[in-house]
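The structure appears below as structure tokens.
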Amino acid sequence: MENMEKRFQSLADEVLNAAFEFYPTWAARLGLHAYDGRLGFFTPQALDARLRTVREHERAVRELPGESLDSAERLEREILLAGLERERFELEDLRSFQRNPLAYVDALDVTVYVKRSYAPLDRRVLAVAEHLRQLPRLLQEARCNLEADCPRVFVRTALEMFQGGLEFLRDQLPPLVREVSGPVRARFEEAHGPAVEAVQAFVAFLAEELLPSASGEFALGPDRYRRMLWTGERVDLDLESLRRCAEEELARLHQELEEAARRVDPHRPPEEVVRLLSREHPSEEELLPCVQAILAELREFLRRNPVVTVPEPADCRVEPTPPFLRWAFAMMDTAGPFEEGEVESYYYVTLPDPGWSVAEKQAWLSRFDVYTLRNTSVHEAYPGHHVHFLRLRGLSSRVARALTSYAFVEGWAHYCEEMMLESGYGDGDPRLRVAQLTDALVRAVRFRASLGLHTEGWTVEEAARRFSQEAHLEPLPARKEAERGTFDPAYLSYTLGKLLIRQLRAECERCLKDAFCLRTFHDRLLDLGAPPVPVARRVLLTQEGGV
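Following this line, the structure appears as structure tokens:
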């Protein structure tokens, strides 16, 4: 038995180390700074070799019998298998390195080296310089890999993101490293100019060569869609069951939104109530202080109502969103799970663009009404993503810290929005309930739109209409949500993961009856890391004697 456990741990390390070597920018973001400054190699030969390695590792993990391992190692084995199958699906079926220029956007992100003080600035700027030195080579590999008939919506989105990345590298990065001098500064300057030129050339390639030849095809089709859900999430449902699940959740949310809106104003329909509440937003100057006050309010609520254990220190910095991430309304950037010591975490809030008109700025700020800000802060910070990733940092398992499920991560944060209201946050204020339900409707339409776009022949325009009609989005954000569904079909995971966690909680309540404790349930769930929720279900229900 001991030899089998040693074999497994050795194999787990081999699997992780090989993945870190192939995707070093991911490893650096996780906090493994031995990989700083490195970009992966994505030539056809390198991609073929990686696929062979993934297949070999998957076979080796399968050959280790689960019954010979202890419970913690059996969980790690399941997480490894899901991770390897998900990557094999990516390399074999999605073929994003050949079909989607968004696969290369990560190469533009050097902020991991300048925003966190995990090492002296000189050392971090040397990593930036090395990263930039390799960028022209990687973008040339991308140009060779990308097929002429890439889906048009992928190319347009990549063009926007590369243009934003170019602006950051060219204009915002140099001031961030201005304090360094001497040989380190020289290394940076030597790499910076060619890197900027390479990104400019790649933007031109996307606009002038790839976009004119791009195709309208993006759908996965039913078979690949179901494989996507199985490989990454261990969800094995037929498409009709998934559609029914999405439609039932939409119906529930619409009914509850009508009830909450009547409590706010019985004379207005829900969409008018939503628009009315959108006027209650802070000014541009008040926005960041308002968010800081909301985070303090949430921390105090969790101290008085400990529905989940919050590791300390749990502070995060509220700052404006960097330019290349401005597609996000607000987002959490917690320090990676392998970071050591007290390293900064950031809650980014996107301020209006300085170049916008007064009317455009007001339209943007209307998205930041105080009720939506509270709901968003629950999702992003307390007790959503920030608390979850702080918990990941405390795990002993390298596998659980490195490999996470989309549906678990986003499902937990989305689940927290409703759970916090059920636990008393907001003292039953119907305006907060309207905001929570409005956000939930967007996620539920994502579920339905993902199925429609990839298995039912929906166009982007049809999906955008559903976001406008059912989630009350304005035309531009509705279009952006629909477009995201083409290249991120797994964005159904927000609602799917939430529903799976709620179902698991109900099962645990039935097993434990009066002995059920919400905080204990949440702590045990997060102690697992973020495995596929059906894997977490087997572990928790086995512990409670329910399976």
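The numbering used here runs 733 ahead of the 1-based position in the sequence shown. Even for Gly, the Cβ is constructed at its ideal location relative to N, Cα and C. Please read all numbers here as calculations on a predicted model, not as lab measurements.
How close, in whole Å, do the beta carbons of residue i and residue j come, if the pair is a contact with beta carbons under 8 Å?
i, j, result
"E1203", "L983", "6 Å"
"R1181", "E1214", "In fact, because the Cβ distance is near 11 Å, the residues do not count as touching under 8 Å."
"V888", "L943", "5 Å"
"V1040", "L1251", "6 Å"
"R903", "V886", "Not really, about 26 Å apart at Cβ, beyond 8 Å."
"A931", "L892", "In fact, because the Cβ distance is near 16 Å, the residues do not count as touching under 8 Å."
"A1173", "E1143", "A1173 to E1143, Cβ: 12 Å. No contact."
"F895", "V847", "20 Å between Cβ atoms; not a contact."
"T1171", "H1147", "With a Cβ gap of about 13 Å, T1171 and H1147 do not count as contacting."
"E1072", "R1131", "The pair is not a contact, with the Cβ atoms about 14 Å apart (cut-off 8 Å)."
"V845", "R762", "5 Å"
Mapping the DSSP letters down to three states, classify residue i as helix, strand or coil.
i, result
"E1072", "coil"
"V1051", "strand"
"A1336", "The structure shown has nothing for residue 1336, since the chain only spans 734 to 1280."
"D1162", "coil"
"V1272", "helix"
"S914", "coil"
"C1250", "coil"
"P1222", "helix"
"M1153", "helix"
"T964", "helix"
"W1191", "coil"
"L943", "helix"
"A919", "helix"
"D826", "helix"
"Y756", "coil"
"E1045", "coil"
"H1205", "coil"
"D803", "coil"
"L970", "coil"
"N1038", "coil"
"P1265", "coil"
"A928", "helix"
"T776", "coil"
"D1281", "The question about residue 1281 has no answer here: the residues shown for the chain are numbered 734 through 1280."
"E738", "helix"
"N750", "helix"
"L797", "coil"
"L953", "coil"
"D904", "helix"
"G715", "Within the shown structure, residues of the chain are numbered from 734 to 1280, placing residue 715 beyond reach of any answer."
"G1325", "Nothing about residue 1325 can be read from this structure; the chain reaches only from 734 to 1280."
"G1279", "The pLDDT assigned to G1279 is 49, lower than 50, so where the model puts this residue is not dependable; a value taken from the coordinates is nonetheless given after this. Three-state result, G1279: coil."
Check the DSSP bridge columns for residue i and list the partner residues they point to.
i, result
"V1006", "Partner(s): none; V1006 has no beta bridge."
"Y1079", "R1050 and D1066"
"S948", "P884"
So, does the CB of residue i fall closer than 9 Å to a CB anywhere in chain C?
i, result
"A934", "Here there is only one protein chain, and chain C is not present."
Say the cut is 8 Å; is the CB of residue i nearer than that to a heavy atom of the ligand ZN?
i, result
"V1007", "Of ligands this structure carries none, so the ligand ZN is not represented either."
Counting only runs that start and end within the segment 980 to 1026, where is the alpha helix (DSSP H) found for 4 or more residues in a row? Fully enclosed alpha helix (DSSP H) runs of no fewer than 4 residues occupy 1003 to 1011 of the segment 980 to 1026, in order along the chain.
Taking contact to mean 3 or more Cβ pairs, one atom from each stretch, closer than 8 Å, check whether the segment 802 to 811 and the segment 764 to 776 are in contact. No, they do not touch.
Could you check whether the segment 916 to 923 touches the segment 855 to 875, counting it as contact only if at least three pairs of C-beta atoms, one from each stretch, sit closer than 8 Å? Verdict: yes, contact present.
Touch test, the segment 1099 to 1110 against the segment 786 to 794, Cβ-Cβ under 8 Å, three pairs minimum: No: the two stretches stay apart, fewer than three of their Cβ pairs being nearer than 8 Å.
Go through the segment 836 to 886 residue by residue and report every complete run of the alpha helix (DSSP H) that reaches 4 residues or more, in order. DSSP runs (the alpha helix (DSSP H)) wholly in the segment 836 to 886: 844 to 847 and 854 to 878.
Assess, as a yes-or-no matter, whether the segment 1149 to 1162 is touched by the segment 1029 to 1041 under the definition of 3 or more beta carbon pairs within less than 8 Å. Contact holds: three or more Cβ-Cβ distances are below 8 Å.
Runs of alpha helix (DSSP H) wholly within the segment 1067 to 1151 (minimum 4 residues, chain order): As far as the segment 1067 to 1151 is concerned, its whole alpha helix (DSSP H) runs of at least 4 residues are 1091 to 1098, 1103 to 1113, 1118 to 1126 and 1131 to 1135.
Below 8 Å, can you find three or more Cβ-Cβ pairs linking the segment 1068 to 1087 to the segment 991 to 1009? Cβ pair count under 8 Å is below three, so no.
For the segment 1263 to 1274 and the segment 1136 to 1143, state whether three or more C-beta atom pairs, one from each stretch, are separated by less than 8 Å. Judged by pairs of C-beta atoms under 8 Å, the segment 1263 to 1274 touches the segment 1136 to 1143, as three or more such pairs exist.
Would you call the segment 862 to 873 in contact with the segment 828 to 845, where contact means no fewer than 3 C-beta pairs closer than 8 Å? With three or more CB-CB distances shorter than 8 Å, the segment 862 to 873 counts as touching the segment 828 to 845.
The segment 904 to 916 / the segment 969 to 977 touching (three or more Cβ pairs under 8 Å): Here the segment 904 to 916 does not lie against the segment 969 to 977, with fewer than 3 beta-carbon pairs under 8 Å apart.
Would you check if there are 3 or more beta carbon pairs closer than 8 Å linking the segment 981 to 998 to the segment 1159 to 1174? Proximity of the segment 981 to 998 to the segment 1159 to 1174 meets the contact definition, three or more beta-carbon pairs being nearer than 8 Å.
If we count Cβ pairs, one from each stretch, closer than 8 Å, do we get three or more for the segment 1240 to 1255 versus the segment 1215 to 1230? Judged by Cβ distances under 8 Å, the segment 1240 to 1255 makes no contact with the segment 1215 to 1230, as fewer than three pairs qualify.
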